[in-house]
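One structure below.
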Amino acid sequence: MLSIHQLSVDIAGVQVLRQISASLSAGTTVAVVGRNGAGKTTLLRSIMGLLPVTSGDINLEGQQLLGSPAHHRARMGIGYAPEDRIIFPTLSVEENLALPCEVLGLSAKEVKERQEAVLPVVPQLKDMLQRSGAALSGGQGKMVALGRALMVGQRLVLLDEPLQGLAPVLAQQYVEAIGRLRQWQPALCVVITESNAGLLSDIPDQTWLLERGALTQASKTYFSI
Ligand SMILES: Nc1ncnc2c1ncn2[C@@H]1O[C@H](COP(=O)(O)OP(=O)(O)O)[C@@H](O)[C@H]1O
Ligand SMILES: [Mg+2]
Numbered sequence: 000m001l002s003i004h005q006l007s008v009d010i011a012g013v014q015v016l017r018q019i020s021a022s023l024s025a026g027t028t029v030a031v032v033g034r035n036g037a038g039k040t041t042l043l044r045s046i047m048g049l050l051p052v053t054s055g056d057i058n059l060e061g062q063q064l065l066g067s068p069a070h071h072r073a074r075m076g077i078g079y080a081p082e083d084r085i086i087f088p089t090l091s092v093e094e095n096l097a098l099p100c101e102v103l104g105l106s107a108k109e110v111k112e113r114q115e116a117v118l119p120v121v122p123q124l125k126d127m128l129q130r131s132g133a134a135l136s137g138g139q140g141k142m143v144a145l146g147r148a149l150m151v152g153q154r155l156v157l158l159d160e161p162l163q164g165l166a167p168v169l170a171q172q173y174v175e176a177i178g179r180l181r182q183w184q185p186a187l188c189v190v191i192t193e194s195n196a197g198l199l200s201d202i203p204d205q206t207w208l209l210e211r212g213a214l215t216q217a218s219k220t221y222f223s224i
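Residue numbers 0 to 224, in numbering that gives the first Met the number 0, belong to the letters of the sequence shown in order.
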């Protein structure tokens with residue numbers, strides 16, 4: 000479903016991603032594991048269309064993504080929760096969740112339906128809906144960022160180091176939410192970056208090891224869930 004072929008990205012004259020080739024079938028979750036600076040964020044931003052790619056191809060269900068701006072990719076059903084989450088402090092949680100869908104021009108009815116579908120996956124959001132974005136703790140902000148990515152990401156969700164800095168209880172709740180995704184959208188592809196693979200327990204079906212911008216012998220561990 001997601002297919003990356005010989006992807007290279009240069010930033011400021013430095014090669015940050017080196018000829019990455021990998022693919023992910025529908026309904027699969029992959030952990031992209033690598034140290035700080037390995038290129039994890041750059042890989043997600045390339046898939047989302049937030050930075051220019053030097054060479055290679057990225058396809059989602061056979062559709063070429065390169066050349067489409069990020070909002071087209073969001074419209075295709077790709078959701079992204081960046082590392083630095085970005086919760087708008089002047090909006091309520093409910094408005095924060097709805098914003099990307101509104102930007103895409105979805106009707107109020109559809110936005111509401113998507114919210115109703117996402118709440119059982121991230122039930123912690125239910126009691127926060129009316130709260131101001133400014134009143135959230137860092138961990139609550141991560142939950143909202145997950146919910147927001149799911150509102151848009153009906154086919155592919157990109158989560159950048161979601162567990163970083165989370166207290167153990169919240170990290171556990173976050174991992175449980177990811178575990179519910181398979182039931183929620185059986186065909187959904189999920190890409191999660193993490194520097195500490197152990198935190199994701201047995202959630203990923205595959206692991207891609209990223210070292211200095213290159214995928215090393217992808218240790219493809221398959222778990223039956
Ligand atoms: N905007 C930028 N300008 C210059 N170098 C960058 C920029 N963004 C990322 N890099 C470099 O690219 C490499 C990969 O970064 P990144 O994708 O953020 O890694 P990770 O998310 O795995 O920590 C690092 O060496 C980083 O210094
Ligand atoms: Mg990063």
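Heads up, the beta-carbon is just placed ideally off N, CA and C, and yes, glycines get one too.
Identified DSSP bridge partners for Cys-188: Numbered from its first residue, the sequence shown carries residue 188 at position 189. Within the DSSP secondary-structure output, Cys-188 pairs in a beta bridge with Leu-155.
Three-state class that DSSP yields for Gln-172 in the structure shown: Looking up residue 172 in the sequence shown gives position 173. Gln-172 sits in a helix when the DSSP states are folded into three classes.
Reduced DSSP secondary structure (H/G/I, E/B, other) of Ile-10: For the purposes of this step, residue 10 is taken as residue 11 along the sequence shown, with counting starting at 1. Note: Ile-10 maps to strand in three-state DSSP.
Glu-82 beta carbon near ligand 2 (any heavy atom closer than 8 Å): For the purposes of this step, residue 82 is taken as residue 83 along the sequence shown, with counting starting at 1. Yes, since a heavy atom of ligand 2 falls inside the 8 Å radius drawn around the Cβ of Glu-82.
Chain-order list of residues whose beta-carbon lies under 7 Å from that of Ala-21 (same chain, five-residue window excluded): Taking the first residue of the sequence shown as position 1, residue 21 is located at position 22. Excluding residues within five positions, the ones whose Cβ falls inside 7 Å are Ile-3, Trp-207, Leu-214, Ala-217.
Backbone secondary structure at Ile-85 - three-state DSSP: Stepping through the sequence shown from its first residue, residue 85 is reached at position 86. DSSP, read as helix, strand or coil, puts Ile-85 in coil.
Expected contact under 8 Å - CB spacing of Met-142 and Val-121 to nearest Å: The residue labelled residue 142 in the question sits at position 143 within the sequence shown. The residue labelled residue 121 in the question sits at position 122 within the sequence shown. Yes, Met-142 and Val-121 are in contact; Cβ-Cβ is about 6 Å, under 8 Å.
Contact test: Glu-160 Cβ vs ligand 2 heavy atom, cutoff 8 Å: To locate residue 160, count along the sequence shown from 1; it is residue 161. True, at least one ligand heavy atom lies under 8 Å from that Cβ.
7 Å Cβ shell around Ser-67 - same chain, five flanking residues per side excluded: In the sequence shown, counting from the first residue as 1, residue 67 sits at position 68. For Ser-67, the CB contacts under 7 Å within the same chain, skipping 5 residues up- and downstream, are Gly-48 in chain order.
Any non-hydrogen atom of ligand 1 closer than 8 Å to Ile-3 Cβ: Numbered from 1 along the sequence shown, position 4 holds the residue referred to as residue 3. With a cutoff of 8 Å, Ile-3 does not count as near ligand 1, since its C-beta is closer than that to no heavy atom of the ligand.
Sequence-distant residues of the same chain with beta carbon closer than 8 Å to Ala-30, five excluded per side: Locating residue 30 in the sequence shown gives position 31, where the first residue counts as 1. Around Ala-30: Ile-191, Thr-192, Glu-193, Ala-196, Leu-199, Ile-202, Pro-203, Gln-205, Thr-206, Trp-207.
Inter-stretch contact at 8 Å, needing at least 3 Cβ pairs: the stretch 104-118 / the stretch 144-151: The stretch 104-118, when compared against the stretch 144-151, does touch it at the 8 Å Cβ threshold.
For Gln-18, three-class secondary structure by DSSP: Here residue 18 refers to the residue found at position 19 of the sequence shown. The answer is strand: DSSP assigns Gln-18 an E or B state.
Whether Val-92 touches Gly-132 by CB criterion (9 Å): For the purposes of this step, residue 92 is taken as residue 93 along the sequence shown, with counting starting at 1. For the purposes of this step, residue 132 is taken as residue 133 along the sequence shown, with counting starting at 1. Result yes, Cβ atoms of Val-92 and Gly-132 sit closer than 9 Å.
Exposure label - Thr-40; buried when at least 16 CB within 10 Å: Taking the first residue of the sequence shown as 1, we reach residue 40 at position 41. Counting every other CB atom within 10 Å of its CB across the protein chains shown gives Thr-40 a total of 16 or more, marking it as buried.
Alpha-carbon to alpha-carbon, Gln-5 and Gly-78: Counting from 1 along the sequence shown, the entry for residue 78 is found at position 79. Counting from 1 along the sequence shown, the entry for residue 5 is found at position 6. When rounded, the distance between both Cα atoms is 23 Å.
Proximal residues to Leu-103 (C-beta, below 8 Å), its chain only, five neighbours per side dropped: Residue numbering aside, residue 103 sits at position 104 when the sequence shown is read from its first letter. For Leu-103, where only same-chain residues beyond five positions count, the Cβ hits under 8 Å are His-70, Ala-73, Arg-74, Val-151.
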